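Please read the structure below before turning to the comments.
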Amino acid sequence: MLLQKLVEYSGRMNLPPPLYREKPLRYIIELDSNGRFLGLTDAADPADRELGRGQPRALPDVQRSSGIRPLLLADKADYAVGLGSDGDKGHRVRSAHAAFKNLLIECAEATKEPSLGAVRQFLDGDPLDQLKLDDEFDQGATISFSVSGLLPTDLPSVQAFWAAQNDPEAQGAVVMQCVVCGEDRPVLERLQEKIKGVPGGQTSGTSIISANADAFESYGLEASLISPTCGSCGERLTKAANQLLGSESSRVRMAGAAFVFWTAEDVEFDFIGSFTSPDPEAVKQLIESVRSGRPIPGLDDAQFGTKFYGSVLSGSGGRAVVRDWVDVTVRDVREQIVRWHIDHAIVGAYGEAPTALGLTALVGATVRELRDVPVTTFRAMLRAGMTGTPLPHGLLYQAVRRNRAEQDVTRPRAALIKLVLKRLWARSEEDFMVQLEANNPDVAYQCGRLLAVLEQVQRQALPGIKAGIVDRFFGTASTASRSVFPRLLRGAQPHLGKLERDRRGAYVALQGRLEEILFGLTGQSVDGARLTFGEVTKSINSFPAVLNLEQQGLFSLGYYHQRAFDRQQARAAAERKRQGVSSEPEAELADESAPAD
């Protein structure tokens with residue numbers, strides 16, 4: 005299916021001539037009509053990023069192995085003019101240059117083009133003596149010829165010769181049914197062009213159809229014959245893949261892989277701006293469009309049924325590995341992206357309204373460094389975002405593990421945990437765990453809230469403390485709550501006493517939050533006074549001995565939600581106090597209310 009859809013996509017492309025590929029042309033040998041040397045033009049512009057390696061030009065190109073195989077009229081210096089580096093064996097350079105000249109002679113005799121005679125005349129002399137190349141000459145760059153201002157590679161007769169020269173039928177290729185077009189045609193033992201830009205693959209390119217070991221072969225078919233493809237289809241699918249991989253508007257790179265995507269017809273649908281690197285305004289417009297049933301500007305109802313295709317590709321040496329394939333409609337992917345943003349929406353770390361997170365932030369929430377993200381994580385999130393499938397349990401484990409390692413819950417990790425749990429439990433409510441749920445009956449969630457309040461008690465009583473209770477106990481509290489919370493509650497008593505004595509407003513606010521949470525956990529009232537040792541002891545069995553993976557996720561959400569709520573409340577109260585509207589206890593907690601950098 006992937007190969008067929010790539011060939012279909014190539015029909016919308018402005019394709020170069022058969023077996024031509026756009027690549028940088030660095031050097032042009034200028035000749036007159038008689039083959040006299042006029043000069044050497046360097047088409048590279050070091051100051052221009054796109055022209056740093058030469059002028060983009062459609063030139064003859066086929067896949068080459070270690071053997072000698074010249075490219076017609078445009079090749080590297082060893083083929084084109086017989087120039088080799090110090091380490092090259094002289095006989096190989098001579099053989100390569102001779103093969104280049106012989107191909108030129110064949111083309112000249114077949115096409116009768118005078119310009120090819122001029123190039124032959126130049127090469128029959130001593131080209132290196134005429135060129136007088138200096139040490140800065142790039143031997144690995146492509147070099148070609150211009151005769152009276154025109155490149156022979158642009159001539160239709162030359163292009164037709166090159167196509168015929170590499171026609172599988174002319175080379176005695178076996179006739180089989182092409183897996184793409186379904187016709188019985190000569191098929192390629194190896195595709196004549198490689199796919200460039202696949203992460204993890206060779207810089208020279210990768211093959212999308214390849215078998216070079218017994219395990220990959222069947223029915224005696226080797227190399228590309230395991231998936232027989234005719235010359236035309238093989239060229240079109242590789243050119244389509246190369247164009248998709250080469251455009252930032254049709255591919256996303258991450259985790260050693262690339263996701264390429266396209267639609268069956270031209271449709272104004274910004275996949276990157278709505279999903280992988282979301283623009284907040286575009287996402288808001290998209291969500292409102294789906295909720296109201298109104299079309300997005302530039303996208304009419306007729307286009308909703310247009311097919312949307314995507315594939316995750318990674319490299320393994322010289323082969324491209326197809327990691328995933330997506331075949332949906334624009335309507336499907338649009339609606340699922342809206343659901344994706346709703347499912348991971350969560351309040352900001354300082355109480356800000358939820359905003360859309362990009363794929364990079366969510367994928368990166370599972371690892372210490374973005375470069376450590378495995379391709380399986382990238383693939384799973386892409387598929388979940390486009391098709392609405394649940395996310396693997398393993399992502400929840402990775403997120404809570406990072407929480408324990410960093411002793412903190414970041415917004416992207418909280419959003420990812422919420423996303424995994426919501427889809428795992430098939431919860432459809434849009435407001436599911438977006439912000440603090442004070443009445444949430446889950447004990448693990450309330451334990452997370454309790455740790456956030458106890459942290460606040462300590463920081464208010466001991467400003468500037470470097471290693472607080474979260475730094476020391478987050479991992480244990482989030483996995484084995486019963487073993488640590490009684491100790492933390494006892495340790496909070498002197499801090500509460502200090503606050504009651506020195507900062508009455510902060511004490512009232514924090515004591516009230518502790519009472520609310522502990523009453524929900526233990527069913528005991530601790531009205532208006534600090535907890536006694538006996539009350540702490542009685543509460544021990546109310547804490548879970550061990551939290552499973554999902555409970556650890558809920559603990560993280562409770563901790564994150566409570567901190568965000570506390571900060572937002574403190575900031576709002578402090579602002580009201582500055583305006584002289586009121587003097588609330590929460591105003592004394594405003595030292596943590598500044599937005600994060």
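Per the numbering used here, the very first residue in the sequence shown carries number 5; after that it's consecutive.
Ideal Cβ placement from N, Cα and C applies to all residues, glycine included.
Note that the coordinates shown come from a computational prediction; the quantities given were computed from them, not determined experimentally.
When you compare each of the options to residue i by their alpha carbons, which one comes out closest?
i       : options                               : result
Val-191 : Val-202, Gln-206, Ser-152 and Ser-236 : Ser-236
Leu-35  : Gln-8, Ala-100 and Leu-127            : Leu-127
Leu-135 : Val-294, Arg-96 and Val-85            : Val-85
Ser-148 : Asp-446, Asp-139, Ser-119 and Asp-475 : Ser-119
Glu-434 : Ser-296, His-348, Arg-372 and Gly-238 : His-348
Ser-208 : Ser-99, Ala-324, Thr-157 and Ala-100  : Ala-324
Ala-388 : Val-330, Arg-40 and Arg-96            : Val-330
State the DSSP-derived secondary structure class of residue i, mapped to helix, strand or coil.
i       : result
Met-385 : helix
Gly-205 : strand
Cys-182 : coil
Ser-70  : coil
Gly-532 : With a pLDDT of 47 at Gly-532, under the threshold of 50, the modelled position of that residue is not reliable, and the figure given next carries that caveat. Note: Gly-532 maps to coil in three-state DSSP.
Thr-333 : strand
Pro-22  : coil
Trp-429 : coil
Phe-3   : The structure shown has nothing for residue 3, since the chain only spans 5 to 601.
Lys-288 : helix
Tyr-511 : helix
Arg-16  : coil
Ser-281 : coil
Thr-210 : strand
Arg-40  : coil
Thr-45  : strand
Ala-62  : strand
Glu-554 : helix
Pro-232 : coil
Glu-197 : coil
Val-294 : helix
Lys-27  : strand
Ile-469 : coil
Ala-51  : coil
Phe-436 : coil
Gly-309 : helix
Met-5   : coil
Can you list, in chain order, the residues of its chain whose CB lies under 7 Å from that of residue i, leaving out five sequence neighbours each side?
i       : result
Leu-458 : Ile-473, Leu-492 and Ala-496
Leu-561 : Ala-418, Ile-421, Lys-422, Met-437, Tyr-449 and Gly-452
Please report the distance separating the alpha-carbon of residue i from that of residue j.
i       : j       : result
Gly-479 : Ala-430 : 28 Å
Trp-4   : Ala-456 : With the chain covering 5 to 601 only, the question about residue 4 has no answer from this structure.
Leu-551 : Ser-253 : 44 Å
Gln-340 : Thr-391 : 6 Å
Val-11  : Gln-143 : 35 Å
Ala-533 : Leu-366 : Low local confidence applies: a pLDDT of 44 at Ala-533 is under 50, so the model's placement there is unreliable, and no value is given.
Gly-355 : Ala-578 : 14 Å
Gln-439 : Leu-7   : 45 Å
Thr-370 : Asp-412 : 13 Å
Arg-240 : Leu-553 : 48 Å
Ser-70  : Thr-115 : 29 Å
Arg-486 : Ile-521 : 15 Å
Pro-396 : Leu-363 : 16 Å
Gly-153 : Arg-375 : 48 Å
Gly-501 : Ile-469 : 18 Å
Thr-242 : Ile-199 : 6 Å
Leu-466 : His-499 : 8 Å
Arg-40  : Ile-32  : 14 Å
Thr-210 : Ala-51  : 30 Å
In its own chain, which residues sit with a C-beta less than 8 Å from the C-beta of residue i, not counting the 5 before and 5 after it?
i       : result
Val-66  : Leu-23, Arg-73, Leu-75, Asn-170, Gln-196 and Glu-197
Gly-352 : Pro-358, Thr-359, Arg-415 and Ala-568
Asn-38  : Ala-122 and Gln-125
Arg-582 : none
Cys-234 : Pro-172, Cys-182, Val-184, Cys-185, Glu-187, Arg-189, Pro-190, Val-191 and Leu-192
Ala-262 : Gly-201, Val-202, Pro-203, Leu-249, Arg-255, Val-256, Val-316, Leu-317 and Ser-318
Pro-282 : His-345, Ala-360, Leu-361 and Gly-362
Leu-108 : Leu-76, Leu-77, Leu-120, Val-123, Arg-124 and Leu-127
Leu-19  : Arg-240 and Lys-243
8 Å is my cut-off, CB to CB: does residue i come that close to chain D?
i      : result
Ser-14 : Among the chains in the structure shown there is no chain D, since it carries only a single protein chain.
Could you check how far apart the C-beta atoms of residue i and residue j are, in whole angstroms? I think they sit under 8 Å.
i       : j       : result
Val-377 : Gln-556 : Not quite, the Cβ-Cβ distance comes to about 21 Å (not below 8 Å), so this is no contact.
Leu-514 : Val-461 : 5 Å
Ala-81  : Glu-26  : That pair is no contact at about 21 Å.
Leu-137 : Leu-87  : 7 Å
Thr-333 : Gly-309 : 5 Å
Excluding five sequence neighbours on each side, which residues of the same chain lie with their C-beta closer than 6 Å to the C-beta of residue i?
i       : result
Gln-181 : Asp-188
Tyr-511 : Leu-503 and Glu-504
Relative to the ligand NAP, is the shortest distance from any of its heavy atoms to the C-beta of residue i smaller than 7 Å?
i       : result
Asp-171 : The model depicted lacks the ligand NAP and carries no ligand whatsoever.
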